[in-house]
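Notes for the one structure printed next.
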Amino acid sequence: MLCVKNYCIVVHSNGFFKTNMQLSTESLETLQLKKFTEKSYLDYAMYVILDRALPFIGDGLKPVQRRIIYAMSELSLSASSKFKKSARTVGDVIGKFHPHGDSAAYEAMVLMAQDFSYRYPLVDGQGNWGSIDDPKSFAAMRYTESRLTRYADILLAEVSMGTIDWQANFDGTLQEPVSLPARLPNILLNGGSGIAVGMSTDIPPHNISEVTDALIYLLDYKKAEVADLFKFINGPDYPTGAEIITPKEDIRKIYQTGVGSIKVRAVWQYDKREAVVVITELPYQTSGAKVLEQIASQMRDKKLPMIDDLRDESDHEQPIRLVIVPRSNRVDIEKMMLHLFATTDLEKNLRINMNVIGLNGKPQVKNLKAILLEWLEFRTILTRKRLEFRLDRINGRLHILDGLLIAFLNIDEVIAIIRNEDKPKEQLSQRFKISVEQADAILNLRLRNLAKLEEIKIKSEQKQLSAEKTDIERILSSKARLKTLLKKEIKQVAAEFADARRSKLIKRQLAVQIDPTSLIPAENISIILSEKGWIRAAKGHEIEPESLNYKAGDKFMSFTRGKSNQASVVLDSTGKIYTLANNTLPSARGQGEPLTGRLDPPPGSSFVAVASGLAEDLFVTASDAGYGFVSRFSAMLSRGKSGKNFLKLPENARALSLEKIKDLKTDNLVIVSNEGRMLVFAVDKLPKMARGKGNKMLGIPAARAKAREEFVVDFKVVPKNMNLKIISGKRHLTLKPKDLARFTGERGRRGNKLPRGLQKVDRLIIEQ
211 MLCVKNYCIV VHSNGFFKTN MQLSTESLET LQLKKFTEKS YLDYAMYVIL
261 DRALPFIGDG LKPVQRRIIY AMSELSLSAS SKFKKSARTV GDVIGKFHPH
311 GDSAAYEAMV LMAQDFSYRY PLVDGQGNWG SIDDPKSFAA MRYTESRLTR
361 YADILLAEVS MGTIDWQANF DGTLQEPVSL PARLPNILLN GGSGIAVGMS
411 TDIPPHNISE VTDALIYLLD YKKAEVADLF KFINGPDYPT GAEIITPKED
461 IRKIYQTGVG SIKVRAVWQY DKREAVVVIT ELPYQTSGAK VLEQIASQMR
511 DKKLPMIDDL RDESDHEQPI RLVIVPRSNR VDIEKMMLHL FATTDLEKNL
561 RINMNVIGLN GKPQVKNLKA ILLEWLEFRT ILTRKRLEFR LDRINGRLHI
611 LDGLLIAFLN IDEVIAIIRN EDKPKEQLSQ RFKISVEQAD AILNLRLRNL
661 AKLEEIKIKS EQKQLSAEKT DIERILSSKA RLKTLLKKEI KQVAAEFADA
711 RRSKLIKRQL AVQIDPTSLI PAENISIILS EKGWIRAAKG HEIEPESLNY
761 KAGDKFMSFT RGKSNQASVV LDSTGKIYTL ANNTLPSARG QGEPLTGRLD
811 PPPGSSFVAV ASGLAEDLFV TASDAGYGFV SRFSAMLSRG KSGKNFLKLP
861 ENARALSLEK IKDLKTDNLV IVSNEGRMLV FAVDKLPKMA RGKGNKMLGI
911 PAARAKAREE FVVDFKVVPK NMNLKIISGK RHLTLKPKDL ARFTGERGRR
961 GNKLPRGLQK VDRLIIEQ
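Going by this note's numbering, the residue at position 588 of the sequence shown is 798; the numbering climbs one at a time, nothing skipped.
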């Protein structure tokens, strides 16, 4: 049993537990643990949804925001008052209405003061309230001062007019408003975001003029569709003036469903005089410092050779001014910017999920029409309550004035009763048939108000109040008049705060990331692979790879010619193939670097060949068991450090090499075994495959190949009219095309023996 103060929980082994508030056995409650936890979590989830994360459709505020604004109004921090320390406001908020941490309340307050976070700020701040680059760089609340903005009057103007419901605060000592009587749909004007349990909300801000025009249209045409409202509200209007480039049809669908995303792009221009690109507006909630870091990172990685320099020239007069300096006037500025839009936060997708707490107290994703209609219902209820409240006040005042008028008509008798009677209130009520309230009002009159002129004032006030009462009663009895009043008030408030749209809706070309290989200069290079698996690249195609310096115990293995903007592939002894970017290879001025630092080959394997080329180039690959095939270079490319299986090997076999085909129709393939047998056949006799084992090239018996008694030493693709040089120890033999004819046969044959003394072949070399 666990007890905390007067609360006890008794847990049983059968999964049940008991709670007891009074520690008496008579009031024990038995509840299954599963049901208790489900209910507790559901209660917590609903608390987070309704009392913390999601805004109410009426005033567009979350509870903490509502409490901050109301607490500031109670402190008389109107737009025309003096600033007060923010710590004073936060103290009142958490002490009277919001029993949470001071930092949570202050951060919510800061957000409402940032003009780059709120389209229409509710708090007017003095001091450091953060910046676009770092919204959370605001000063502590003991340093900043604040008051409400004029816009906050939209939410507070009718608080004391009987328009809203009240509830007890957390300790029951004070009353706080359930919602504020918003005179405009703040839910759309400032939007809101929040994460609850199992749901979230992201409502974008909008322009006051556009929203009020849509409201007035909807009052006249209640059956209007979202497409009709879209004539007035074309899209969100974010605090920062970036461009909205999402097609209008897509935005219309978002407003119809209440969910989607808006693509927002930075505003830039090319300054021809200084030959620089100047960015003047950033997408909503985008940091200029982060954008510059993203661009600088690409420059360090040599992915933006067209950019020479970056500068941040932002100041108080120009909050956003990022300067990009192109390398030369030959740079395609449009193409460069489209690449930056695709790879940095200069273009962002802003999520939209119009999930709000409705008038029924339930969260729901609503479309544009549903939000406007429900807010109009909210506003109609408030207006009717305000008029009824005013009507009650008028009736009460007229009742008092009637009593005062009776007193003035019988002033001498009233004075006599007051002077001579012990209980003048009761006597006045009985004598003149007036109510207790009227009698109290007569008794509270000052002597100076007994003048004849005061009677004229009372009659004048009666006349004015009676006329106002008649107007109110007419409005309350007529839906048309009530609608007219709503229109008039909406227009009046909107005219005070109307401003121009900041986020322009513009059709733009889609962002396209530049292919990194297109940014790399196409220089001739030679790629050299050593026996120990070290690789390097030398400029030019005139390199003699065997003449280069190698590490002790290492020597030349394979080399290929290519371009710096191409890729190379490396084949290992197990038949796996790997891809390398040529521009990332180390320089041949040194001894290179080991491929094991870049790739992840199988244990015990070794690298046997390197090749480079265009996607359509053809290569022959083979195993020393005598099998091989032709494949395109594009089929050999792989992803990742682990490469891919390319050449399927018979048991105990090893991969040999990759040989480029110059002309598939005229090139011959020469293959030689360790027993000195050589076979020449047309390379087009081999099958074209993307991967696999291939067909038999040299007729080595399978048993001898498996036992490693006979195997292929080397093979070469010999172009037409080219010579072949055979290296055997210190001896060598050059065979011309007519000499190679003696070894020509069908693919898969055993081949003919080489001359004595040359049968132990080390390798084959192609010569001019």
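Even glycine gets a Cβ: it sits at the ideal position worked out from N, Cα and C.
Counterpart residues of residue i in DSSP-defined beta bridges
i, result
"Ala865", "Ser833"
"Gln377", "Glu386"
"Asn563", "Asp412, Val469"
"Ile871", "Leu828"
"Arg357", "Asp334"
"Phe817", "Asp782"
"His942", "Ile937"
"Phe856", "Answer by DSSP bridge pairing: none, since Phe856 is not bridged."
"Ile489", "Trp478, Leu532"
"Pro804", "Trp744"
"Glu885", "Glu885 pairs with nothing; no bridge assigned."
"Asp924", "Val882"
"Asp522", "Leu532"
Where residue i falls: helix, strand or coil (DSSP)
i, result
"Ser645", "coil"
"Trp339", "coil"
"Asn659", "helix"
"Asn216", "Here Asn216 scores only 46 on pLDDT, less than 50, and its place in the model should not be relied on; the value that follows carries that caveat. Here Asn216 sits in coil by DSSP."
"Asn630", "helix"
"Val624", "helix"
"Val407", "coil"
"Phe769", "strand"
"Arg691", "helix"
"Lys576", "coil"
"Val274", "helix"
"Leu233", "Here the model assigns Leu233 a pLDDT of 48, short of 50, so the residue's position is not dependable, and the following value carries that caveat. Note: Leu233 maps to coil in three-state DSSP."
"Ala747", "strand"
"Arg483", "coil"
"Phe551", "helix"
"Asp460", "helix"
"Ile730", "coil"
"Leu590", "What sits at residue 590 in the sequence shown is Thr, not Leu. Looking at Thr590 - three-state DSSP - the assignment turns out to be helix."
"Lys667", "helix"
"Asn605", "helix"
8 Å contact criterion, which residue i and residue j should meet: CB distance rounded
i, j, result
"Leu823", "Phe843", "For the sequence presented, residue 823 should be read as Gly rather than Leu. 5 Å between Cβ atoms; contact."
"Arg475", "Arg718", "6 Å"
"Val880", "Leu974", "6 Å"
"Ile735", "Ala747", "5 Å"
"Leu425", "Leu578", "Incorrect: roughly 11 Å between the Cβ atoms, too far for contact."
"Tyr328", "Pro449", "6 Å"
"Lys851", "Pro812", "At roughly 12 Å, the Cβ-Cβ gap does not stay under 8 Å, so Lys851 and Pro812 are not in contact."
"Thr789", "Ser728", "With a Cβ gap of about 18 Å, Thr789 and Ser728 do not count as contacting."
"Ala255", "Val407", "4 Å"
Spatial neighbours of residue i in its chain, beta-carbon cut-off 8 Å, leaving aside the 5 residues before and after
i, result
"Asp522", "Gly498, Ala499, Leu502, Arg531, Leu532, Val533"
"Ser290", "none"
"Gln504", "Thr553, Thr554, Asp555"
Own chain partners of residue i with C-beta closer than 7 Å, once the 5 adjacent residues on each side are dropped
i, result
"Met180", "Here the chain comprises residues numbered 211 to 978, so residue 180 is not present and cannot be evaluated."
"Thr456", "Ile472, Lys473"
"Arg959", "Leu889, Gly909"
"Asn539", "Ala485"
Contacts around residue i, its chain only, beta-carbon distance under 6 Å, and the 5 residues preceding and following it disregarded
i, result
"Thr445", "According to the sequence as given, residue 445 is Gly; it is not Thr. Cβ neighbours of Gly445 beyond the five flanking positions: Ile454, Ile461, Leu715."
"Gly886", "Lys963, Leu964, Gln969"
"Tyr760", "Ser740"
"Val624", "Ala617"
"Val840", "Leu828, Val830, Leu896, Lys898"
Inset, instruction - Flag this pair as touching only if the region 859-871 and the region 931-950 have three or more C-beta atom pairs under 8 Å; answer yes or no. - result: Under the 8 Å Cβ criterion, the region 859-871 does not count as touching the region 931-950, having fewer than three qualifying pairs.
Inset, instruction - Say whether the region 373-393 touches the region 314-325, bearing in mind that this needs 3 or more beta-carbon pairs closer than 8 Å, one atom from each stretch. - result: Here the region 373-393 makes no contact with the region 314-325; the two share fewer than three CB pairs at distances below 8 Å.
Inset, instruction - Evaluate the contact criterion for the region 358-366 versus the region 340-349: three or more CB pairs, one atom per stretch, below 8 Å. - result: These segments do not touch.
Legend entry - At least three beta-carbon pairs within less than 8 Å, the region 820-840 to the region 915-927: In short, these stretches touch, since the Cβ pair count reaches three.
Legend entry - Three or more C-beta pairs below 8 Å linking the region 601-619 and the region 641-653: Under the three-pair Cβ rule at 8 Å, the region 601-619 counts as touching the region 641-653.
Inset, instruction - Please confirm if the region 684-704 is in contact with the region 737-757, defined as three or more CB-CB distances below 8 Å between the two stretches. - result: No: fewer than three Cβ pairs fall under 8 Å.
Inset, instruction - Could you tell me whether the region 425-440 touches the region 482-493, using the rule of 3 or more Cβ pairs below 8 Å? - result: Result no; under three Cβ-Cβ pairs closer than 8 Å.
Inset, instruction - Answer yes if the region 383-403 comes into contact with the region 671-681, meaning at least three C-beta pairs across the two stretches below 8 Å, and no otherwise. - result: Between the region 671-681 and the region 383-403, the count of Cβ pairs shorter than 8 Å is below three; the stretches do not touch.
Inset, instruction - Indicate whether the contact test is met: 3 or more Cβ pairs, each with one atom in the region 359-375 and one in the region 589-598, closer than 8 Å. - result: Remark: three or more beta-carbon pairs, one from each stretch, lie closer than 8 Å, so the region 359-375 and the region 589-598 are flagged as touching.
Legend entry - Touching by the beta-carbon criterion (3+ pairs, under 8 Å), the region 752-767 and the region 794-802: Contact annotation: the region 752-767 touches the region 794-802, with at least three C-beta pairs closer than 8 Å.
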